[in-house]
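Chemist: Below are the structure tokens for one structure; questions will follow.
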Amino acid sequence: MQVYLPIAEMSLDVFLLLGLGGAIGFLSGMFGVGGGFLLTPMLIFIGVPPAVAVATQANQVVASSVSGVLAHWSRGNVDFRMGLVLLAGGILGSTAGVFLFGLLKQIGQIDLVIALAYVVLLAFIGVTMLQESIRALLRRRRPKGTARKLHQHTWVHGLPFKMRFRKSRLYISALLPIAVGFFVGILAALMGVGGAFLMVPAMIYLLGMPTTVVVGTSLFQIIFVAINVTLLHSVENQTVDAVLGLILVLGGVIGAQIGGRLGSRLKGEQLRILLALIVFIVGAGLAYELVAVPDEIYSIAPLGIPL
Amino acid sequence: MTRARCPIVLAAAIAALLLAPAAVPRAAPLVADLSNHLIAITTDFTGTEVLLFGAVDGPGDVVVVVRGPVNDVAVRRKERIAGIWVNRDSLEFVAVPSFYAVASTRPLDDILDEATRRRHAIGLDTLQFTVMPDDDVDDPDAFREALERIKMDQLLFWRNPLEVNFLGDTLFRTDIWFPSNVPIGSYVVEVLLVREGAVVSAQTTPLVISKIGIGADIFEYAHRRAFFYGLATVAMALLAGWIAHLVFRRI
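Note that the protein sequences, when read in sequence, are chains A and P. Just so you know, we're using this note's numbering here: the first sequence kicks off at 1 and counts up by one. Just so you know, we're using this note's numbering here: the second sequence kicks off at 1 and counts up by one.
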């Protein structure tokens, strides 16, 4: 059954979209990842204009982060003070990102930037996941190594504007989380991802936050960054497709349920390797499209609505 | 013309029509209409065909020109830079019709000479596209060709005329196909009657293509009330996330 997507201005099969949303939801339920970094390239593969895919995906991130953060909040795993400081950077970064997006769209380079950003990102995620799962497999066989030092003093601790984050048991410069938020915010706007895959490692290794509050706090700030991205894309670029978003959310919710239940029964490491492979394949697909000789080297873009 | 003289004129016209069809020039040697003056793009729109039909008062050729609303179009060309295909040169064309199709009873060159075709803008090759003055590329012709080629691939431009068929001596018909990606707006359908290389009669009929239904409302809302549209989509996402949380917790 074909459904007309009013903003993408094209018809796609509704079951294909539901299936896609479901499959990505399934993966995100199983692995506890957002899945935005896979859904956006998939949408581009099936012909959705990249600009629409990214902006609609940002809206999708809102939905998945809300359900995630509520669960963490009820367990008290959200550092709101840290979340707000990250958010300050995130709002600035995502706002800058949306305007950069509009500028790139105008000069005809947005598709290229999105594709390049995804190739780099997927390669990075794939390698990280593969490393992690191999390490986890090895760890089982070897005795436990020495624990990492809890607190190390580096140049980072010499920065001004220090703030106390009680929940995270930290006393660090506010500039650091603002910078992290800013950088991830730009990515959120350009790629339509939540950015947890970058935010979480940065919070642990760069800021030194305890792992218990990391996921809830990052989800908390991602909601508002994603809301900001959705609103700005709506106003600046008119690329948020409500129909597409609704179908993807529906599929995603159902898929995440099934994935979450199944994931708890299956072995983690093998699944991680599987996901890493999927990530590599999608990344390689995007990379191939960038280097392969295109069928048509010309493209046309209407400037404004026909009158 | 006074009211009293009307019946006399009408009677004379009918008499002329009946007695000497070819000899007397009349008010309407050509009448034509469309099966549909409004194409509604609904959520399940996959393209549509519009029937154009009409009658002429004698021998001659019929040429139909369909023009969509115009807009400016940027044509970009990819070049390989460091192994990656990147949009490099671009050329902007001003006032390009979003849709252009011609239909005729015989090949255009057999009906009209080039000068006449140019005067009436009949045929894709006669369309004049102005280029933005600040764009500078070595080979603007290649860009124009690409524009036509891509538009033809999208079934929005038709280089070869579609067929106009005569049913008997006076009735004619043709079908015009509008694909699913047809741009919305006001179209003009021009029907010309050609005799001995000259356009002797012409009629234009408007055709409106617009989005109808939920899809149209969403598009309209997204462009006119962008901020509230954004708020609505965010609210939808928040609600969906909250419901998902409730469902997850129960199970």
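Just so you know, even glycine gets a beta-carbon here, dropped at the ideal spot from N, CA and C.
(1) Excluding the 5 residues preceding and the 5 following F228(P) in the sequence, name in chain order all residues of the same chain whose CB lies nearer than 8 Å to its CB.
(2) Can you find a CB in chain A that lies within less than 8 Å of the CB of E92(P)?
(3) Give a yes or no on whether the minimum CB-CB distance between F129(P) and chain A is below 8 Å.
(4) Using the C-alpha atoms, what's the distance from F157(P) back to F99(P)?
(5) Taking T48(P) as the query, report the chain A residues whose CB atoms sit under 8 Å from its CB, ordered along the chain.
(6) Nearest chain A C-beta to G83(P) closer than 8 Å, yes or no?
(7) Step through the CB atoms of chain P and report whether any lies within less than 8 Å of the CB of N77(A).
(8) Compute the beta-carbon to beta-carbon distance between L250(A) and L207(A), rounded to the nearest angstrom, for a pair I have assumed lies under 8 Å.
(9) In angstroms, rounded to a whole number, what distance separates the CA positions of E296(A) and E148(P)?
(10) L338(A): which of V293(A), G35(A), G21(A) sits nearest, CA to CA?
(11) In the DSSP assignment, find the beta strand (DSSP E) that holds W85(P) and state where it starts and stops.
(12) Quick one: does the C-beta of L232(A) sit closer than 7 Å to a heavy atom of the ligand GDP?
(13) At the 8 Å Cβ level, is V240(A) part of the contact set with chain P, yes or no?
(14) How many Å lie between G259(A) and T42(P) at the Cα?
(15) Can you have a look at V62(P) and say buried or exposed, based on whether 16 or more other CB atoms are within 10 angstroms of its CB?
(16) Looking at F220(A): is its Cβ nearer than 8 Å to the Cβ of V78(A)?
(17) Let's test the definition: count the other Cβ atoms within 10 Å of the Cβ of H72(A) and tell me whether it reaches 16, buried, or not, exposed.
(18) Is the beta carbon of V234(P) closer than 8 Å to that of I278(A)?
(19) Span of the alpha helix (DSSP H) holding L147(P)?
(20) Report the CB separation of D241(A) from A88(A) in whole angstroms; it is logged as a contact under 8 Å.
(21) Quick one: what does DSSP say T42(P) is sitting in, helix, strand or coil?
(22) Closest to A63(A) by C-alpha separation, out of I273(A), G252(A), I281(A), R272(A), would be which residue?
(23) In chain P, which residues lie with their C-beta within 9 Å of the C-beta of V54(A)?
(24) Identify which residue in L5(A), L17(A), M1(A), G93(A) has its Cα closest to the Cα of I222(A).
Modeler: So, to answer that:
(1) Y221
(2) Chain A, which has a Cβ nearer than 8 Å to the Cβ of E92(P), makes this yes.
(3) Between F129(P) and chain A, the shortest Cβ-Cβ separation is not below 8 Å.
(4) 6 Å
(5) Neighbours of T48(P) on chain A: none; closest Cβ ~13 Å, over 8 Å.
(6) yes
(7) no
(8) Wrong, their Cβ atoms sit about 36 Å apart, outside the cutoff.
(9) 13 Å
(10) Residue 338(A) lies beyond the residue range present for chain A, which begins at 1 and ends at 307; the question has no answer from this structure.
(11) 84–97
(12) With respect to small molecules bound, the structure shown includes none, and the ligand GDP cannot be examined in it.
(13) True, the Cβ-Cβ gap to chain P drops below 8 Å.
(14) Those two C-alpha atoms are separated by around 35 Å.
(15) Buried, by the Cβ-count rule.
(16) yes
(17) Classification of H72(A): buried, given that the 10 Å Cβ count is 16 or more.
(18) Cβ distance not < 8 Å, so I278(A) and V234(P) don't count as in contact.
(19) 140–153
(20) Taking the Cβ atoms as the reference, D241(A) lies roughly 29 Å from A88(A), outside the contact range of under 8 Å.
(21) coil
(22) G252(A)
(23) Those within 9 Å of V54(A) in chain P number zero; the least Cβ separation is about 14 Å.
(24) The shortest C-alpha separation from I222(A) is found at G93(A).
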